[in-house]
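Protein chains: 6
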Amino acid sequence: MVYNFLESSTDKKNSEIVIVGYPYDSTSSFRSGSRNGPMALRLFSWNLETFSNYQKEDIHTKNYFDMGDVELPYGDIKRTNKIIYENTKKLLKNKKKIISLGGEHSITYPIIKAFNQFYDDFILIVFDAHADLRKDYMGVKFSHACVIRNCAEIIGTKRICQLGIRSFTSEEYEFSKNLLYFSEDLESFNFDLIKSKKIYISIDLDLLDPSNIPGTGTPEAGGFTFKEFIHFLLKFKTFDIVGVDVVELSPDHDPSGISAAAAAKLVREIILFL
Amino acid sequence: MVYNFLESSTDKKNSEIVIVGYPYDSTSSFRSGSRNGPMALRLFSWNLETFSNYQKEDIHTKNYFDMGDVELPYGDIKRTNKIIYENTKKLLKNKKKIISLGGEHSITYPIIKAFNQFYDDFILIVFDAHADLRKDYMGVKFSHACVIRNCAEIIGTKRICQLGIRSFTSEEYEFSKNLLYFSEDLESFNFDLIKSKKIYISIDLDLLDPSNIPGTGTPEAGGFTFKEFIHFLLKFKTFDIVGVDVVELSPDHDPSGISAAAAAKLVREIILFL
Amino acid sequence: MVYNFLESSTDKKNSEIVIVGYPYDSTSSFRSGSRNGPMALRLFSWNLETFSNYQKEDIHTKNYFDMGDVELPYGDIKRTNKIIYENTKKLLKNKKKIISLGGEHSITYPIIKAFNQFYDDFILIVFDAHADLRKDYMGVKFSHACVIRNCAEIIGTKRICQLGIRSFTSEEYEFSKNLLYFSEDLESFNFDLIKSKKIYISIDLDLLDPSNIPGTGTPEAGGFTFKEFIHFLLKFKTFDIVGVDVVELSPDHDPSGISAAAAAKLVREIILFL
Amino acid sequence: MVYNFLESSTDKKNSEIVIVGYPYDSTSSFRSGSRNGPMALRLFSWNLETFSNYQKEDIHTKNYFDMGDVELPYGDIKRTNKIIYENTKKLLKNKKKIISLGGEHSITYPIIKAFNQFYDDFILIVFDAHADLRKDYMGVKFSHACVIRNCAEIIGTKRICQLGIRSFTSEEYEFSKNLLYFSEDLESFNFDLIKSKKIYISIDLDLLDPSNIPGTGTPEAGGFTFKEFIHFLLKFKTFDIVGVDVVELSPDHDPSGISAAAAAKLVREIILFL
Amino acid sequence: MVYNFLESSTDKKNSEIVIVGYPYDSTSSFRSGSRNGPMALRLFSWNLETFSNYQKEDIHTKNYFDMGDVELPYGDIKRTNKIIYENTKKLLKNKKKIISLGGEHSITYPIIKAFNQFYDDFILIVFDAHADLRKDYMGVKFSHACVIRNCAEIIGTKRICQLGIRSFTSEEYEFSKNLLYFSEDLESFNFDLIKSKKIYISIDLDLLDPSNIPGTGTPEAGGFTFKEFIHFLLKFKTFDIVGVDVVELSPDHDPSGISAAAAAKLVREIILFL
Amino acid sequence: MVYNFLESSTDKKNSEIVIVGYPYDSTSSFRSGSRNGPMALRLFSWNLETFSNYQKEDIHTKNYFDMGDVELPYGDIKRTNKIIYENTKKLLKNKKKIISLGGEHSITYPIIKAFNQFYDDFILIVFDAHADLRKDYMGVKFSHACVIRNCAEIIGTKRICQLGIRSFTSEEYEFSKNLLYFSEDLESFNFDLIKSKKIYISIDLDLLDPSNIPGTGTPEAGGFTFKEFIHFLLKFKTFDIVGVDVVELSPDHDPSGISAAAAAKLVREIILFL
């Protein structure tokens, strides 16, 4: 019984998939705690079977390695970004497919920056309750509330799709019109937009309804159920997914553990379609 | 950063809408704690944007003032009723639209009594899991379990509609047939019944499923999701809403805070259609 | 105000229905705590009306007695099985209809063993998130993770239907094909399969979504809502139900109490269709 | 395994000691929840041995019966007082020694009123963090914050000793000088003051430090440890104790259960010196 | 009923004492959450009397104003420091005595920087479990783990006394020898060291034992009780205290609220000796 | 940042000390949950410095390896005992000093059995609130409530000292007279009894007061503070300690984490005197 992701391989070198945790939560605007996300997700992964009822396949058909958490300097977002960026580059250089576990959503920015050096035209698909399109948040440019806006500075707005967004300012609402795609629901998404493109998927768990993910920093009523989301997500299976992140799990805000249980199940499914 | 409702105005005089808390929970039958409802709702309101994704409008288009909580004598329901009644009258005299935050559902009775002196033929729309139509509860006439029956003594049964009710005694079930409208669902409501009427809306949060509002005094399985409710509630936007109350938030029973988050979002939407 | 099931009879002799708790949780694989299930279920039953909104009938039309919890030797599954088996036989000898409250799912095995001596061709209907069809779990044959496989040893696979299962190993998935019926959903069930048969129903509460039952030992994302389940369960009303168990309520993992509230409501409905 | 006090007798008639719960918390000024006190105390009593390490005696040398909780009308303090008063009188008529479990401290008033009709010169010993000597609390005369002042109206100030008090207004501080005894500590108590008197002991659990009793309505830093208190309390063993109450256990505010565990242990010791 | 400190004045101008909250927790090394400290402290202050049992004096003899929380940019420690520094300077210019509420301990640095411009030879008395004397923490100079080292850069080591410290690295242990005073206990302190000096007191609540303050970011077993500390702290009453801070209350880690209750009581006592 | 014990070595072969977790809790009599003890203890160890304030020494002067948790078959105490016994023997064969982390106290039995084969006359020092001297508990011989009685069957009563015991039946109290030493306090212990003996120390964390260790299976009021215990424990530093276990940490019952924090600090100190 170990505290890495469910029955993960111990052979880093030959693994095709690497799971890595970035336990950072210093810019959280409402409540902090997502630093404990990766740990809780791993612990609850042991509650799962390795066989997926959705995909009818066992994750042991994949070779996945869990490299644990990267130590980050709380309170120093710039250096944190640099560390995540360097770590991502190193993994990409080694041809790994990466599942990054947050921590807060701000971690997606340095990851995307690194991916952009290896894959020059991937599409960023963002699932989130919040648009995260602010220019800055109380003067902090690299806040989790600005992360997709920051990504847009790197890859441009036309390579970003935001799905399931249900919270934004009027300015963000205006800005969202520049994106390749933006909608409050999931089902209306036009998959043709991303046909034959490489895909990076960023999942902010607060996309899901607070009843399904109570353990998150900024719970926003009126979201999707796990069931609705997993069935939609699986539609990406036929695409070439180059990387995924799962962020904003804040387990201390959910003594029942159901948030971590759901997040771990998501990661199991993601392993299978990477 | 203050502890009133999200970015509320500090100008009581010129505000059209007043938010007021009645932190009373002395007659709670199963478990108490709703006295902390208004406080929690306010704190979680700061987790929200001021822009509504549902109504595509910012609450700053409205002038809303939060007068805080009224101090109430725990254990003395009669004097509590009197204080709420007087405060409501005073606000109505000043032409305010009032959003009253409970506290237990019993607070609706003195509010309705006051409203009845200013608006002589408004319709009371009640959203609730429980019928609250008992004559008395263990001998306590002004119990939260009797509040709508007590309201009926003031405004008559034919000005009351109960929606979404899923818990009642056989006596209450019989009595409910006297009301203008009563149903266990939401969708079948006939809006013609209230055409061109003034409307007062009382929302007992346990209408929502316990998964959405775990923090309430008498959780009743099998309720509505926030999503289902908010879409239904918004249908009242075209009506002349004279007042609203949101009651039975008991935040100590929900360490995740999702109940307060949902309640705060409801109040944001209500501000916009008042 | 007592701590037995809601307004239950004190007349054991003349009661047709007996409620009994088996507070056992020693083989729990992920997290323990279901020993407190029966107690919490009873306490939250007092939050309910005795009148069912679904069946429009009062449980006082039934004569139900709550015999409390049976004391069990933690850590000794064999003797525990024996005690449950003997207690069940004794109740069946007295012509009682039994509602057994877990405790973990392993309690179903000795119950079924006893039922099999009194009813020779009943069908076992299992609602669960997990198949529980392992041969053994870490060498423990009578683990909760093997309970239905163990039942199959007694009554054969062709008298077992599993509904709503969403977690299994590939071996269990194979084995499930031997059952009379197995499916991941509820609605597709063919009631003709059990026409005119006696029915025993075993309800593992983790069938329900973790948002509805956070307080359970092995929460599995992607389940059914209480609403979906209760409406499906009521379809069994016309069948001859000889016994029911409700297991895996672990209240300490749900400080909000909504899991116990839902479980208690289930038992209320079950009383009415026994 | 039952939910009454640890291995209590089922023979009410021949028991010398009766345990009774008054689950009332409607006048609580800061936070409510003590209605669940008696239940939690009973549940945690099963964590104890029946043998006292302090008194080296087994409680089975006493014949104690647990009559459960008396149902009380929440929100109606006057009728609640009457029910408690009548119940106490009835028990005293039957020559029982009574251990009353709160609920809030207000329950002591009707109990003392009843005791005063049977024992005409007993001394009331109060252990508490708060003086509870207000004339009224926000206009509520029978508030828990006034209970000892109310008792003084019945038995006079010269039959009341308050020990361990560490919270009071300046008015209460003045009033306390009228009592037979009042002090902020325990040890300086002069037992000669009560020599050869009958004694009634009222224990508000918030006397103990919040670290020992976190689960209480009005936690007040700087109290006594359980160890300090139990050793002091045992000095009363040689006195003629006619009744005891243990109040203000609010278990929902203490998820660890240590408050209920301590309260149950107190009751075990009290049984032995009654 | 408002959410500022217990019955505080509304007259900022004429108040001699100002209470201000700095809800910052971005550099927290183990677990975050102290941003909610000021709010919780204020809420629990309403559980207190205004009369001090220790000092036998009412805080209404003082004129204290609560200016609420200052909004701070999470994740940007430099700008946070600047805002706190400017706010402190402004208050000092207006001749206020300041009680600053954390937030993490890092807030003490900008406060001391401002005080140093107004009082040129005050002594900094630090109560803490941790030495906080690191040069940097994972490269973050302004981390809460370095705060006293940073203060020493401003006012020198010879104006700093650390009391009650029970956690440090060997390097910190060496460095501590440069301070005016450093000890693991409280009682041995030599008050002559600070005779006739102005005093600034910084109280990291984790000085207290985790049993007394479970709600803190870095709980360290083996601390002082509230009782021990308050009696020691009151010895400073005769000194000229120019400012105080109370930091590292993390209420979400203490569902019982006893940490906030103790912290609020401390502030009440501090008001009286300012 | 890894989930093993604080900065432990990765070199198993050359480590002198091995830390191992036995996450077993199937015989827990009151409430289960100690299976999560080792994990929580490890996580909170990262809250500590490696330097001991008590011993003024850094644990890096020792070479300690954390081998993680051993997987155990829940519900099968005999096989569990065998696995622990074999693992202990293997470590002893490799000349390791072992710190075993529970799990419930029952794990001490197989450990002692193994130690008895390598060290033929060590003394077993037990710190505990409970005597654990029952012959069986509800028929379960290897229950945690019998563990020291079972140890006595292996090493005899005259090699066992029990300290700080405050809960026992009258039978256990009688039996305790056969031991080398038994007392309810710590301080009166006569160290001459164990002069020049090898020592094995078993620490049931419920020895400590529930205020210090709320997260344990059977909290027993009236215990020792961490401070009292650590100072007493350090007196064993000059003895030849051959092994230590720390058991009964049940972190889910303590949302504040202070129990795990204290347990981790104990283990740090133990590493230094092994």
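Residue numbers (my numbering), protein chains in the order written: chain Z, 377 to 650; chain C, 377 to 650; chain L, 377 to 650; chain X, 377 to 650; chain G, 377 to 650; chain A, 377 to 650. Backbone N, C-alpha and C define an ideal beta-carbon position, used for all residues, glycine too.
In the structure shown, what three-state DSSP assignment does residue i receive?
{"i": "A/Asp628", "result": "helix"}
{"i": "X/Asp616", "result": "strand"}
{"i": "G/Ile589", "result": "coil"}
{"i": "L/Ile541", "result": "coil"}
{"i": "A/Met377", "result": "Bear in mind that a pLDDT of 45 at A/Met377, under 50, signals an unreliable position, so the model cannot answer this."}
{"i": "C/Ser546", "result": "helix"}
{"i": "X/Leu419", "result": "helix"}
{"i": "L/Leu584", "result": "strand"}
{"i": "Z/Ser519", "result": "coil"}
{"i": "L/Lys489", "result": "helix"}
{"i": "G/Ala639", "result": "helix"}
{"i": "A/Ile646", "result": "helix"}
With which residues is residue i paired in a DSSP beta bridge?
{"i": "L/Gly478", "result": "L/Tyr398"}
{"i": "Z/Phe503", "result": "Z/Leu539, Z/Ile579"}
{"i": "A/Asp561", "result": "A/Asp561 pairs with nothing; no bridge assigned."}
{"i": "L/Ile393", "result": "L/Tyr440, L/Lys473"}
{"i": "L/Phe427", "result": "L/Asp434"}
{"i": "L/Tyr513", "result": "L/Val516"}
{"i": "X/Ser385", "result": "X/Phe441"}
Going by the CB atoms, is the gap between residue j and residue i shorter than 7 Å?
{"i": "G/Tyr440", "j": "G/Ser384", "result": "yes"}
{"i": "Z/Thr484", "j": "Z/Asp582", "result": "no"}
{"i": "L/Ser404", "j": "L/Gly593", "result": "yes"}
{"i": "A/Glu425", "j": "G/Thr545", "result": "yes"}
{"i": "A/Asp504", "j": "A/Asp434", "result": "no"}
Exercise for the section: Examine the Cβ distances between the stretch 616–634 of chain X and the stretch 390–404 of chain G and report whether three or more of them are shorter than 8 Å. Expected result: no
Handout entry: Near-chain A residues of the stretch 567–596 of chain X (beta-carbon distance less than 7 Å), N- to C-terminal order
Key = Ser587, Asn588
Problem - At least three beta-carbon pairs within less than 8 Å, the stretch 446–461 of chain L to the stretch 515–532 of chain A - result: yes
Practice task
Flag this pair as touching only if the stretch 611–619 of chain C and the stretch 532–542 of chain C have three or more C-beta atom pairs under 8 Å; answer yes or no.
Solution key: no
Problem - the stretch 614–634 of chain L: positions lying closer than 7 Å to chain X by Cβ - result: The stretch 614–634 of chain L vs chain X, Cβ under 7 Å: Pro631.
Practice task
Check whether the stretch 591–610 of chain Z touches the stretch 634–650 of chain C, counting contact only when three or more Cβ pairs, one atom from each stretch, lie closer than 8 Å.
Solution key: yes
Practice task
Determine which residues of the stretch 601–614 of chain A have a Cβ less than 7 Å from any Cβ of chain G, and write them out in chain order.
Solution key: Within the stretch 601–614 of chain A, the residues whose Cβ lies closer than 7 Å to some Cβ of chain G are Phe602, Lys603, Ile606, listed in chain order.
Problem - Residues of the stretch 491–523 of chain C whose Cβ lies closer than 7 Å to any Cβ of chain Z, in chain order - result: none
Practice task
Closer than 8 Å, Cβ to Cβ, to anything on chain A: give me those residues from the stretch 444–477 of chain L, in chain order.
Solution key: Of all residues in the stretch 444–477 of chain L, Glu447, Leu448, Pro449, Tyr450, Gly451, Asp452, Ile453, Arg455 have a Cβ within less than 8 Å of some Cβ in chain A.
Practice task
Determine which residues of the stretch 531–548 of chain Z have a Cβ less than 7 Å from any Cβ of chain C, and write them out in chain order.
Solution key: Arg542, Ser543, Phe544, Thr545, Ser546
Handout entry: Three or more C-beta pairs below 8 Å linking the stretch 491–504 of chain C and the stretch 565–576 of chain C
Key = yes
Problem - Interfacial residues, the stretch 415–433 of chain Z to chain L, with Cβ spacing under 9 Å - result: Phe420, Trp422, Asn423, Leu424, Glu425, Thr426, Phe427, Asn429, Tyr430, Lys432, Glu433
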